[in-house]
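Student:
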Amino acid sequence: MRREEMRAYCLAKPGAWLDQPWEGDEVVKVGSRIFAFLGSPEGAPTVGVKCGPSREAADEWLHRHPTDARVMPYIGRSGWNTLRLDGGIDDDELIEAVDGSYDAVVAKLPRRERPTV
24 MRREEMRAYC LAKPGAWLDQ PWEGDEVVKV GSRIFAFLGS PEGAPTVGVK CGPSREAADE
84 WLHRHPTDAR VMPYIGRSGW NTLRLDGGID DDELIEAVDG SYDAVVAKLP RRERPTV
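Using this note's numbering, read the sequence shown as starting at 24 and increasing by one per residue.
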């Protein structure tokens, strides 16, 4: 999957919007929370997503895709992983990971920030 395709998929989610909280790095938010880290357009094509409610649950991705998934720095302990878009993870699994991250983030938003579908 190309970075542009992943970006478009993320932005098509209800209430999703693009932000650049750090110079050159793009993230996709719903409400006030990030659900996908896209990084820099010049960098490696990856997406950072919440892959489980805990580190242990998110480790399943590391076991299934040892060369294409890694623990995200700083927030990895909370179940966030970085997944390569141009590696061996199939597009359907990448979409499933984004959907799971979006759903997990929306579930934690205050009701006033949740998108209306």
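All C-beta atoms, glycine included, are put in the ideal place defined by N, C-alpha and C.
It should be emphasised that the depicted structure is a prediction, and the values quoted were computed from it without experimental measurement.
Report, in whole angstroms, the separation of the C-beta atoms of Val72 and Val129, which I expect to be a contact under 8 Å.
Tutor: Not quite, the Cβ-Cβ distance comes to about 13 Å (not below 8 Å), so this is no contact.
Student: Would you tell me roughly how many angstroms separate the C-alpha atoms of Tyr125 and Thr90, rounded to the nearest one?
Tutor: 24 Å
Student: DSSP state of Pro52, grouped into three classes?
Tutor: Inspection of the sequence shows that residue 52 is occupied by Lys rather than by Pro. Three-state result, Lys52: strand.
Student: Could you name the residues of the same chain whose beta carbon sits closer than 8 Å to that of Glu79, not counting the 5 residues immediately before and after it, in chain order?
Tutor: none
Student: With a Cβ-Cβ cutoff of 8 Å, do Leu108 and Pro68 count as a contact?
Tutor: yes
Student: Taking 6 Å as the limit between beta carbons, can you name the residues of its chain near Lys36, skipping five residues before and five after?
Tutor: If we look at Lys36 and ignore the five residues flanking it on each side, its Cβ neighbours are Tyr125.
Student: Exposed or buried, what is Trp45 when buried is set at 16 or more other beta-carbons lying within 10 Å of its beta-carbon?
Tutor: Residue burial is scored here from C-beta neighbours: Trp45 has fewer than 16 other C-beta atoms within 10 angstroms and is therefore classed as exposed.
Student: Just verifying my parser: in three-state terms, what is the DSSP assignment at Lys36?
Tutor: Three-state result, Lys36: coil.
Student: If Gly102 sits next to Gly75, beta carbons under 8 Å apart, how far is it from one beta carbon to the other, in whole angstroms?
Tutor: 4 Å
Student: Taking the CB atoms as reference points, tell me whether Arg134 and Gly54 lie closer together than 8 Å.
Tutor: no
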